[in-house]
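Structure, as structure tokens:
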Amino acid sequence: MNKPLTVFFFPKVNNDSTRFMPYSVLQMERMIRNLNTDILFIDEQTVLNYELLIEKYADRIIMAVTTAATGFQIKGAIEFSQTIKKHNKNALTIWAGWHCSLMPELTLKEDYIDFIINGQAEVPFRELANAILNNKSFVHITGLGYKIENQIKINPKTGFVDIKDFPEINWSLINPSDYVFQNSFSERCITYFASHGCPFRCEFCSLATVFGGKWYNKDIETIINDIKYLKEKAHIDAISFWDDNFFTNKAHALKLSEAIISNNLNIKWECCTHAGLFNKLFNENDISLFFKSGLRQVFIGAESGDENILKTVNKNIQVDDNYLFVKNLKKHNISPVFLLIVCFPENPEKDLMNTLEMVRKSKIINSKLKIRLHLFVPVPQTKMYDVALEKGLVMPSKLSDYVFFLYRFKPPWISNNYSWKLELFVNFYLPLANPFLFKDAPTITFKILTALLSLFFFPITYLRFRLNYFRFPLEAYLFIYTLRWFNRIFKKKLTLNSESYLDKNNLGFYNSYCG
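Each residue of the sequence shown is one higher than the one before, starting from 77 at the first, in the numbering used here.
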């Protein structure tokens, strides 16, 4: 006799061909694999017509589980949930992930959603699945949102459970080769989490809301075994650690680097961290060890070049920390990447000018500096969200409106159009201030073209950066207009650094972690 069926669904993250490892649903599946249910795993990124599968197994489906972050994933999660209800109205739909943790009531009010999980999903989901499969009460489960007679109930959250207490994910549910990508230092890179959470409580960040200042790491042995598996199955040569703050624990970072070396993994890697913490914890020998183990690129939440903004958002850094960070990485030939937010709701024009000035000075210190810059988007349950409301922010009231919210958001406190200013600085002057930009080009053809551009424009760009003089940017306009003409004719989206800021309703939202 067939067991009841639980369907796990990972929605597409972007409206393009970019693929992301479906970690969020893999982490949930591991919690119920020994319960009385069969598993159907669907990744919208790799399954072209999943409705055929839903229709085939409709009568057996008891639970349908999906996750979604704010943005395009909501579209796929909505369509999946509606498809489930279309073929089996009695199947129970369960949502987890960032969006329903930040907006539980708004998510749960949709009639095609039966449950949401607010916060860390693993334990509440297991308890809910066990209750559903055994026809028991679920009203006591912490972090659970549900409806009784059309009344929404959201139970209080409890503290996080250490991720080392959970079973390992089942890699056999996916083909790791489906998620390999190319970046600036690797032909075959893949994403991986060695830890979750962040010890800081920045007043604009969803991490502070969801993790509450906690950080949890995997065992070194587990990480090494996973990397060995991914090398064998996907033939990777690099890892992009998607940890929220990779260098939180000094001993863990050093031991992992030593283990990568001693196990002869021969990989390159990148990660994200906090500049102030990194500067405090690690010395020259430590950074040399990281490079020896394969570290080639580090992202930091530099956020803003305005000291007042950094203090207001409780970032626990000063601008000088970012300068010291790029200086330290230059000594070891590791590329720094600034993750930047512009136009916070307090003094947005001053914030933007100070941020671009910080980037200019940092580029002079380290020509390999890259940036990922996007517009401040308010996150519910944070201090800056409340400030944004005071400044006239109006948030969507319907779940489906959040599909393109990040891309179309235009804050009411911004009166000027900064798109061209950002386009010229980010996608012309900043990349061409590095004479070795061609080394990051993905193909031989682009390497040659980029080298020619650098040969012609680097002297001009270098002088502008040194003199801090960006008036009359004729060469930048010439290049950008030519590139835009080329992109229209050949239907491309080429830029030198980030995605274009000119064809959007907002200032741009960089939605890829592959630098």
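Backbone N, C-alpha and C define an ideal beta-carbon position, used for all residues, glycine too.
Proximity of residue i and residue j at Cβ, strictly below 8 Å
i           : j           : result
residue 159 : residue 127 : yes
residue 194 : residue 162 : no
residue 317 : residue 291 : no
residue 438 : residue 509 : no
residue 323 : residue 298 : no
residue 118 : residue 83  : yes
residue 503 : residue 558 : no
residue 402 : residue 441 : yes
residue 86  : residue 100 : yes
residue 178 : residue 191 : no
residue 244 : residue 107 : no
residue 574 : residue 451 : no
residue 231 : residue 102 : no
residue 115 : residue 105 : yes
residue 430 : residue 380 : yes
residue 473 : residue 154 : no
residue 150 : residue 478 : yes
residue 455 : residue 176 : no
residue 397 : residue 355 : yes
Whole-angstrom C-beta distance between residue j and residue i, which should lie under 8 Å
i           : j           : result
residue 325 : residue 300 : At roughly 17 Å, the Cβ-Cβ gap does not stay under 8 Å, so residue 325 and residue 300 are not in contact.
residue 485 : residue 435 : Incorrect: roughly 22 Å between the Cβ atoms, too far for contact.
residue 378 : residue 415 : 6 Å
residue 266 : residue 310 : 6 Å
residue 271 : residue 241 : With 8 Å as the limit, residue 271 and residue 241 do not qualify as a contact, their Cβ atoms being about 14 Å apart.
residue 201 : residue 172 : 7 Å
residue 133 : residue 209 : The Cβ separation is near 16 Å, so there is no contact.
residue 95  : residue 254 : 6 Å
residue 337 : residue 307 : Between residue 307 and residue 337 the Cβ distance is about 15 Å, and since that is not below 8 Å, they are no contact.
residue 285 : residue 457 : 5 Å
CA nearest to the CA of residue i, picked from the options
i           : options               : result
residue 261 : 566, 534, 341 and 410 : 410
residue 412 : 448, 391, 374 and 425 : 374
residue 419 : 487, 341 and 210      : 487
residue 534 : 217, 547 and 552      : 552
residue 370 : 242, 235, 353 and 347 : 347
residue 120 : 296, 208, 135 and 144 : 144
residue 424 : 448, 403 and 494      : 494
residue 211 : 86, 78, 112 and 285   : 112
residue 513 : 498, 531 and 501      : 531
residue 97  : 184, 269 and 203      : 269
residue 327 : 134, 357 and 80       : 357
residue 226 : 253, 196, 188 and 102 : 188
residue 237 : 465, 293 and 547      : 293
residue 342 : 314, 354, 455 and 366 : 314
residue 518 : 155, 264 and 125      : 264
residue 483 : 137, 146 and 78       : 146
residue 219 : 196, 213, 206 and 491 : 196
residue 388 : 459, 466, 397 and 366 : 459
residue 288 : 122, 296 and 275      : 275
residue 125 : 156, 224, 466 and 359 : 156
Strand pairing of residue i, partner residues [DSSP]
i           : result
residue 272 : 292
residue 85  : 118 and 142
residue 506 : DSSP lists no partner for residue 506.
residue 266 : 315
residue 169 : 140
residue 222 : 229
residue 373 : 346 and 411
residue 379 : 416
residue 193 : 220
residue 259 : 262
Test: residue i CB closer than 8 Å to a CB of chain C
i          : result
residue 81 : Within the model displayed, chain C is absent; a lone protein chain is all it includes.
Residue i Cβ short of 7 Å to the ligand SAH heavy atom set
i           : result
residue 533 : This structure simply doesn't include the ligand SAH, nor any ligand for that matter.
| said: As an exercise, report each continuous alpha helix (DSSP H) stretch of at least 4 residues that is fully enclosed by the stretch 113–151, in chain order. | reply: You should have 127–133.
| said: Going residue by residue through the stretch 290–368, where are the continuous beta strand (DSSP E) segments of at least 3 residues, counting only ones entirely within it? | reply: Complete beta strand (DSSP E) runs here, min 3: 291–293, 314–317 and 344–349.
| said: Which runs of the beta strand (DSSP E) at least 3 residues long sit entirely within the stretch 396–463? Give them in chain order. | reply: Counting whole runs of 3 or more residues, the stretch 396–463 contains the beta strand (DSSP E) stretches 411–418 and 446–451.
| said: Which runs of the alpha helix (DSSP H) at least 4 residues long sit entirely within the stretch 510–547? Give them in chain order. | reply: Within the stretch 510–547, the complete alpha helix (DSSP H) runs of at least 4 residues are 520–543.
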